[in-house]
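Residue numbers for the sequence shown follow the working numbering, so the first one is 3 and each next one is one higher.
Built from N, CA and C at the ideal position, the CB exists for glycine as well.
Below you'll find the structure, written out as structure tokens, and then a few comments.
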Amino acid sequence: MKRVLCWLFLAAFMMAGCGAADTAGAEAEGAADGEELAADAAAVYNAIAGTKNFTVTVEEPDGALTVLRITPDNARSTESRGERLADSFAWSAADAADWTAQLAAEGRGNLLAIVSANGQTSLRCCSGGDVVYWRQGETDTYARAVNPLEGQPFEGKVYDDMAVIAKDAIGILVWSGTVDGSLPPEAAAERLAEQAAEEYRNVPAWVDWRPLDVQVEQADVYDAYLGEPEQFCFDVVFRVLLDEAALYTSQWNAGAGIYDQEPDGYWHWATQVYVCRDRVGDWYCADRGTGGVTVQLPVGEEGEARIAGLVDAFYLTEGLSHEAMIPAAILEMPEEWQWDLSKLLDRRTKDEAKTLCHALESYLRESPGQMTLPNLRDLLGPYGIYLDA
Numbered sequence: 003m004k005r006v007l008c009w010l011f012l013a014a015f016m017m018a019g020c021g022a023a024d025t026a027g028a029e030a031e032g033a034a035d036g037e038e039l040a041a042d043a044a045a046v047y048n049a050i051a052g053t054k055n056f057t058v059t060v061e062e063p064d065g066a067l068t069v070l071r072i073t074p075d076n077a078r079s080t081e082s083r084g085e086r087l088a089d090s091f092a093w094s095a096a097d098a099a100d101w102t103a104q105l106a107a108e109g110r111g112n113l114l115a116i117v118s119a120n121g122q123t124s125l126r127c128c129s130g131g132d133v134v135y136w137r138q139g140e141t142d143t144y145a146r147a148v149n150p151l152e153g154q155p156f157e158g159k160v161y162d163d164m165a166v167i168a169k170d171a172i173g174i175l176v177w178s179g180t181v182d183g184s185l186p187p188e189a190a191a192e193r194l195a196e197q198a199a200e201e202y203r204n205v206p207a208w209v210d211w212r213p214l215d216v217q218v219e220q221a222d223v224y225d226a227y228l229g230e231p232e233q234f235c236f237d238v239v240f241r242v243l244l245d246e247a248a249l250y251t252s253q254w255n256a257g258a259g260i261y262d263q264e265p266d267g268y269w270h271w272a273t274q275v276y277v278c279r280d281r282v283g284d285w286y287c288a289d290r291g292t293g294g295v296t297v298q299l300p301v302g303e304e305g306e307a308r309i310a311g312l313v314d315a316f317y318l319t320e321g322l323s324h325e326a327m328i329p330a331a332i333l334e335m336p337e338e339w340q341w342d343l344s345k346l347l348d349r350r351t352k353d354e355a356k357t358l359c360h361a362l363e364s365y366l367r368e369s370p371g372q373m374t375l376p377n378l379r380d381l382l383g384p385y386g387i388y389l390d391a
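This is how it looks when you write it as structure tokens:
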């Protein structure tokens, strides 16, 4: 009887050992499959997005469809997302039935697809599920991608990573309007601001920073270059109505220009816009930011050519560059080039010479530095008489 028990114990031990070995082998195989899927998903994404020439579509549950063409002009958020796919998600195998079930689920959410320019390669995911589907040529692959950090700041599903590309493209699209090039800068600024407000009001519902309403409060030109290429900058203040979800997105935080909420619930949101002419001569928004936006003067980098260019540009500017940026640049140049000022003023009328001398003096009084008024008077030579005049 003891011998029988010993044999039974030995057999059970051997079977348990085999089971453990099988389980370990299955886990190792699963891990290998996960790594292969992660690498494959990253490779597919990079093949599509690396060209910076592809399409992103977002289909909402009610069937509303947004189609966005991604080009180098709006592809600023495409970098490193392939690496995130490979490194930030736990991948496992899925099949067509899993994908079909996710699409049919009530909580599917939005369906996002990125598709190559030739339509042969695509990657699809949903905001309400973890199953991801991609196609390369005639090969279909289904996988489940789970983010172990989901719920933490800046962590979410594959959809959330891909949706950033689309949301940034929408943000750029809002400011992509043009207005008639015959309009003077002040009128053009007002038109461009109104266009942007209208685009903000029409942002699709799937965009998390979508405002409930946007109205232009004021739009004022503060810098202009009237030479070639003609350009100007304007400040715009919007009244923006936001729900709580949108308020806490990066689009509307304090660092992005939002401030002061009114009793009616509207926030003030300010931004600076840089405007140029396009190929047909119409005005368009070339750039914007929360501060430090100025016209781009066609001036050399150093030496005699730079100070001559600054003097020439002074008479073709209005606003910030005319009153501060150019005077500051002249006063900060090495003294050896500043001695050319009097020669450059010889080419100007008396009134023009006075204007530049007064601008230099005014800036020096408001922003004193190493140079003093006596120093400046010496540099200006015969034109020093215009100081304090």
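Compute the distance between the beta-carbons of residue i and residue j, then report whether it is under 7 Å.
i, j, result
"E62", "W254", "no"
"L125", "V60", "no"
"W339", "I309", "yes"
"G183", "D284", "yes"
"Y385", "L347", "yes"
"L175", "C287", "no"
"Q274", "G291", "yes"
"E302", "G293", "Looking at the sequence provided, one finds Gly at residue 302 rather than Glu. Against a cut-off of 7 Å, the Cβ pair of G293 and G302 comes out as no contact."
"S79", "V160", "no"
"F234", "P187", "yes"
"V168", "F91", "Note on residue identity: the sequence assigns Ala, not Val, to residue 168. Taking 7 Å as the Cβ cut-off, A168 and F91 do not qualify as a contacting pair."
"T123", "A49", "yes"
"G109", "A44", "no"
"V242", "W211", "no"
"W101", "L39", "no"
Just the C-alpha distance for residue i and residue j, rounded to the nearest angstrom, thanks.
i, j, result
"A198", "D222", "15 Å"
"I172", "S82", "20 Å"
"T319", "G229", "8 Å"
"L151", "E157", "6 Å"
"A247", "P213", "10 Å"
"L299", "C128", "47 Å"
"E334", "A51", "45 Å"
"D237", "T351", "33 Å"
"A107", "Y47", "25 Å"
"D390", "A307", "29 Å"
"E304", "W341", "14 Å"
"E37", "A145", "11 Å"
"R379", "C359", "9 Å"
"A326", "R349", "22 Å"
"Y261", "H324", "29 Å"
"L322", "E140", "59 Å"
"A315", "I328", "8 Å"
How is the beta strand (DSSP E) around residue i delimited, first residue to last?
i, result
"D237", "Q233 to L243"
"H270", "W269 to R279"
"W136", "V133 to Q138"
"A147", "T141 to V148"
"D262", "I260 to Q263"
"D348", "Here D348 belongs to no beta strand (DSSP E), and DSSP marks it neither H nor E."
"A95", "A92 to A95"
Which two residues bound the contiguous alpha helix (DSSP H) that contains residue i?
i, result
"E192", "P187 to R203"
"I167", "V160 to V176"
"P376", "L375 to L382"
"W339", "E337 to Q340"
"W211", "Element bounds for W211: n/a, residue is neither H nor E."
Per the DSSP calculation, residue i is bridged to which residue(s)?
i, result
"R367", "Looking at the DSSP assignment, R367 forms no beta bridge with any residue, so it has no partner."
"G291", "Q274"
"I72", "F56"
"T180", "Y286"
"I116", "V58 and L125"
"D225", "C235 and G321"
"E152", "Q154"
Against chain C, with Cβ distances strictly below 7 Å, would residue i count as a contact?
i, result
"E219", "Looking at the structure shown, chain C is missing, and only one protein chain is on hand."
Return the Cβ separation of residue i and residue j in integer angstroms, given the expectation that the two are a contact with Cβ distance under 8 Å.
i, j, result
"L375", "L343", "Not a contact, Cβ separation roughly 14 Å."
"V239", "A272", "5 Å"
"A98", "D35", "Going by Cβ atoms, the distance from A98 to D35 rounds to 17 Å, so no, they are not a contact pair."
"T68", "A119", "In fact, because the Cβ distance is near 18 Å, the residues do not count as touching under 8 Å."
"Y365", "A330", "6 Å"
"V297", "D245", "Their Cβ separation, rounded to whole angstroms, is 37 Å, which puts V297 and D245 out of contact at 8 Å."
"R279", "E232", "6 Å"
Less than 6 Å between the CB of residue i and some heavy atom of the ligand FAD, yes or no?
i, result
"Y47", "As presented, the structure is devoid of all ligands, the ligand FAD included, so that no description of it is given."
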